[in-house]
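Under numbering that gives the first Met the number 0, the first residue of the sequence shown carries the number 0, and numbering increases by one thereafter.
All C-beta atoms in this analysis are idealised placements derived from N, C-alpha and C, irrespective of residue type, glycine included.
These numbers come from a predicted model, not from an experiment.
Here is the structure we will look at, set down as structure tokens.
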Amino acid sequence: MATAAGKLVVFYDGSCPACIKDRRWYEKLAGKTGESVEWLDITGRDDELRREGIDPDKALRELHVKDNEGRVHREMDAYILLMSRVPVLKPLAWLIGLPLIRPALAWLYHRWVAKRLSTSQ
């Protein structure tokens, strides 16, 4: 996994109120560290996502983060990478990575996203 240094690009759903709220929460906690994170709204950018090697449907269902080396991290790996940059979130990043926590949290996250997408369509 990439180090906490360098620029990150977060591919997020800008048409999702909860996603926008999460972005603002992260930026508030990150402070100056947040300046090295670019937030890219995926709405209407299917071709651009494909050029990055990201399936547009998966981009709606899982967080994707591109690190400073051009690698795309998804799902829990993306959250861990993003959170590990912010001192107050580092313990949470560590917790998410635990073998028993990670799959349970991924399962809950996928259920929440499926529900969100079913109510927005």
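Run of the alpha helix (DSSP H) containing residue i, from where it starts to where it stops
i, result
"R23", "P16 to A29"
"P90", "K89 to I95"
"E47", "D45 to R50"
Beta-bridge pairing of residue i - partner residues as DSSP gives them
i, result
"H72", "V64"
"Y11", "D40"
Spatial distance of residue i from residue j (CA atoms)
i, j, result
"C18", "E61", "11 angstroms"
"T2", "K65", "Residue placement at T2 is flagged as unreliable, the pLDDT there being 47, under the threshold of 50; a coordinate-derived value is accordingly withheld."
"W106", "E34", "31 angstroms"
"V71", "L7", "10 angstroms"
"G5", "L116", "32 angstroms"
"P102", "Y108", "10 angstroms"
"A77", "T118", "25 angstroms"
"I100", "T42", "30 angstroms"
Neighbourhood of residue i by C-beta distance below 7 angstroms, restricted to the same chain and skipping five residues each side
i, result
"D45", "P55"
"G96", "I79"
"W38", "V9, Y11 and R22"
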